[in-house]
Amino acid sequence: GYTAKDIYVLQGLEPVRKRPGMYIGSTGPEGLHHLVWECVDNSIDEAMAGYAKNIQVVLLPQNRVRTVDDGRGIPVEKHPQTKKSALETVMTTLHKGAKFGSQAYKISGGLHGVGVAVVCALSKWSRAEVCRGGVRYFQEYVRGKPTTPVKKDIKCNQTGTTVIFEPDPEIFPEIKFDVKKILTHLRQQAYLTKGIRISIIDEREKPAKPYTFYFEGGLQSYVKYLVHGTTQIQQNIFYVTNEKDGIAVEAAFQYTQDVEFYEESFANNIHTGEGGTHVTGFRGALTRSLNDYARKNGFLKEKDENLSGEDLRDGFTGVVSVKLREPQFEGQTKAKLGNPEVKSAVETVVLEGMTDFLERNPQDARGIIEKCLLSAKARKAAKAARQTVLRKGVLDGLALPGKLADCSSRNPEESELFIVEGDSAGGCFSGDTEVALLDGRNISFKQLILEHKEGKKNYCYTVEKDGTIGVGLIENPRRN
362 GYTAKDIYVL
372 QGLEPVRKRP
382 GMYIGSTGPE
392 GLHHLVWECV
402 DNSIDEAMAG
412 YAKNIQVVLL
422 PQNRVRTVDD
432 GRGIPVEKHP
442 QTKKSALETV
452 MTTLHKGAKF
462 GSQAYKISGG
472 LHGVGVAVVC
482 ALSKWSRAEV
492 CRGGVRYFQE
502 YVRGKPTTPV
512 KKDIKCNQTG
522 TTVIFEPDPE
532 IFPEIKFDVK
542 KILTHLRQQA
552 YLTKGIRISI
562 IDEREKPAKP
572 YTFYFEGGLQ
582 SYVKYLVHGT
592 TQIQQNIFYV
602 TNEKDGIAVE
612 AAFQYTQDVE
622 FYEESFANNI
632 HTGEGGTHVT
642 GFRGALTRSL
652 NDYARKNGFL
662 KEKDENLSGE
672 DLRDGFTGVV
682 SVKLREPQFE
692 GQTKAKLGNP
702 EVKSAVETVV
712 LEGMTDFLER
722 NPQDARGIIE
732 KCLLSAKARK
742 AAKAARQTVL
752 RKGVLDGLAL
762 PGKLADCSSR
772 NPEESELFIV
782 EGDSAGGCFS
792 GDTEVALLDG
802 RNISFKQLIL
812 EHKEGKKNYC
822 YTVEKDGTIG
832 VGLIENPRRN
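Using the working numbering, the first residue of the sequence shown is number 362, and each one after it goes up by one.
Right under this line is the structure:
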């Protein structure tokens, strides 16, 4: 069970008010909203442990916020170490909660343990209410210090925890909650926790605006939401969820015709904006599985180099989420996951899922591979163009005669010197002259050479010896 002895106390709240940036990142808008995230994270912990089904966030007038869940409720009995109520201990001390032990929570997002305690410390006024054992208990606080003992209030049939807080203007220069920002965060949390219902009500407006998020599809639903309005290459969203070495892994992605790359990652429902080992494992599995499939099915020949991670980025929209017992985050705001064992767990789960997905969906596999091969071709062309520009820049300093065109290759066997009469004839070799093709197109020598290298056959009109017009295959087009 979840009782007072599951709370682990390390220190009071004085350091939080002295150096708030260490605990919430900043005292600007990001830090202000971090107070809401900490309250929601505690409710999400209850949901992930299987005890909560509903979470509500209410934006109140006078810069107040109320969060409510229907979990077990924070314990209220006396704490063995502090000799105070467990509720008061949770609200007024750092690094507390069963998430630091192994009994009440298997997985939790609050590694640093600041949770509602930091919210209490940085609030001008706050109040905690707990429904437990058929009774509602409450306690109020000013700047992290209790103003009343924990009191019994009224009878209640349900269980759960409510926290109401008003951020302290002494800490935050501007107090303005952004409903769009909160909606985005809560939508993410609903996608990451299947079957939980999260609602937000903005009571600052009249009439109040309610929003509700509830998704059974997990990350699969999230990717579907992210790619809405685009042209998808895959008919089926890739989705896998499994556990490896005690680490729960969930991942989903879909390729679109766009060139933009969009990737999100989470660890214990905490958004890891700077990525980490779970992202490294995700990308590694993706690159390996696509290369294996491309070679096995003839998209890549023996002489071809592998697709690189960069080639897989264009049009990719993906999300990876891991849940583990002891996450190691870099920094108080948990922006990057550092656990080395997560990389191999994610790589194994995603690789197995990808291998199965590609075999079962050959049309999707073809679309993805062809998109990546096109990106690889564009990358190589861009690299060659850059090298040419850099070489031309060097040659410019050598006063190369204006009529002499630079070679596009450094290989002497591929380089020739042509002497032609006039600029128009020289255009054939610089690649600027256009060629009229049998299919009705007029393309430059540069484009003609590129299509020839890709294996495309082009035909042009010819003048025969007897003066008649004929058709001929263009063989080995080249320019110096």
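Cβ coordinates follow ideal geometry from the N, Cα and C atoms, glycine included. Quick caveat, the model's predicted, so the values are computed rather than measured.
Excluding five sequence neighbours on each side, which residues of the same chain lie with their C-beta closer than 7 Å to the C-beta of residue 431?
413, 414, 415, 519, 520 and 521
Classify residue 631 as buried or exposed, calling it buried when 16 or more other Cβ atoms lie within 10 Å of its own Cβ.
buried
From the DSSP output, in three-state form, read off residue 775 for me.
helix
Let's test the definition: count the other Cβ atoms within 10 Å of the Cβ of residue 463 and tell me whether it reaches 16, buried, or not, exposed.
In this prediction, residue 463 has a pLDDT of 44, which is less than 50 and means its spatial position is unreliable; what the coordinates show is noted afterwards. Under this definition residue 463 is an exposed residue.
Cβ pair residue 449, residue 511 closer than 7 Å
yes
When the Cα atoms are used, what is the spatial distance from residue 381 to residue 503?
16 Å
Who are the near neighbours of residue 625 in its chain, counting only those whose CB is closer than 6 Å to its CB and skipping five residues on each side?
680
Beta-carbon proximity of residue 500 to residue 489, cut-off 7 Å:
yes
Check whether the segment 641-651 and the segment 694-713 are in contact - that is, three or more C-beta pairs closer than 8 Å.
yes
Residue 404 (DSSP reduced to helix, strand or coil):
helix
Rounded separation between residue 809 and residue 590 - CA only
36 Å
The segment 530-544 in contact with the segment 429-445 per 3-pair CB rule at 8 Å:
no
Given this structure, state the Cα-to-Cα distance separating residue 574 from residue 586, to the nearest angstrom.
12 Å
For residue 457, is the classification buried or exposed, using 16 other Cβ atoms within 10 angstroms of its Cβ as the cut-off for buried?
Residue placement at residue 457 is poorly supported in this model, since its pLDDT is 46, which falls under 50; the coordinates are not used for a value here.
Which full runs of the beta strand (DSSP E) of 3+ residues lie inside the segment 568-644, going along the chain?
570-574, 599-605, 608-616 and 623-628
Grouping DSSP H, G and I as helix and E and B as strand, with all else coil, what is residue 652?
helix
Within its chain, find whatever has a CB closer than 8 Å to the CB of residue 477; leave out the 5 residues flanking it on each side and keep chain order.
399, 400, 403, 451, 452, 489 and 524
Suppose the cutoff is 6 Å on Cβ atoms and the five residues either side in sequence are ignored; what does the same chain contact list for residue 831 look like?
823 and 825
Just the C-alpha distance for residue 835 and residue 549, rounded to the nearest angstrom, thanks.
56 Å
Starting from residue 711, trace the alpha helix (DSSP H) both ways and give me its first and last residue.
701-721
Pair every Cβ in the segment 650-662 with every Cβ in the segment 588-603, then say whether three or more of these pairs are closer than 8 Å.
no
Length of the line joining the Cα atoms of residue 827 and residue 833:
15 Å
For the 8 Å Cβ check, are there 3 or more pairs between the segment 731-741 and the segment 697-710?
no
With the cut-off set at 7 Å, would you say residue 547 and residue 532 are in Cβ contact?
no
So within the segment 515-565, which uninterrupted alpha helix (DSSP H) runs reach at least 4 residues, ignoring any that extend past its ends?
540-553
Need the endpoints of the beta strand (DSSP E) that residue 883 sits in, please.
Outside the modelled stretch of the chain, which goes from 362 to 841, sits residue 883, for which no answer is possible.
Contact check, residue 637 vs residue 698, beta carbons under 7 Å
yes
Exposed or buried, which one is residue 749 when buried takes at least 16 other CB atoms within 10 Å?
exposed
Going by alpha carbons, who is nearest to residue 803 out of 565, 428 and 819?
819
Grouping DSSP H, G and I as helix and E and B as strand, with all else coil, what is residue 473?
Residue confidence is low: residue 473 scores 42 on pLDDT, short of 50, so the model does not pin down where it sits. Its coordinate-derived value is still stated next. DSSP places residue 473 in coil when its eight states are reduced to three.
Residues in the same chain with beta-carbon distance under 6 Å from residue 609, minus the five sequence neighbours each way, listed in chain order, please.
684
C-alpha distance - residue 460 paired with residue 406, whole-angstrom precision
Residue placement at residue 460 cannot be trusted, given a pLDDT of 46 that sits under 50; the coordinates are not used to answer.
Among 419, 779 and 817, nearest to residue 566 - alpha-carbon criterion
419
Burial state of residue 776 (16 or more Cβ within 10 Å):
exposed
Just checking: is the beta-carbon of residue 491 within a distance shorter than 7 Å of some beta-carbon in chain B?
Considering every chain present, this structure includes no chain B. It has just one protein chain.
Would you list the one or two residues that DSSP bridges to residue 493?
496
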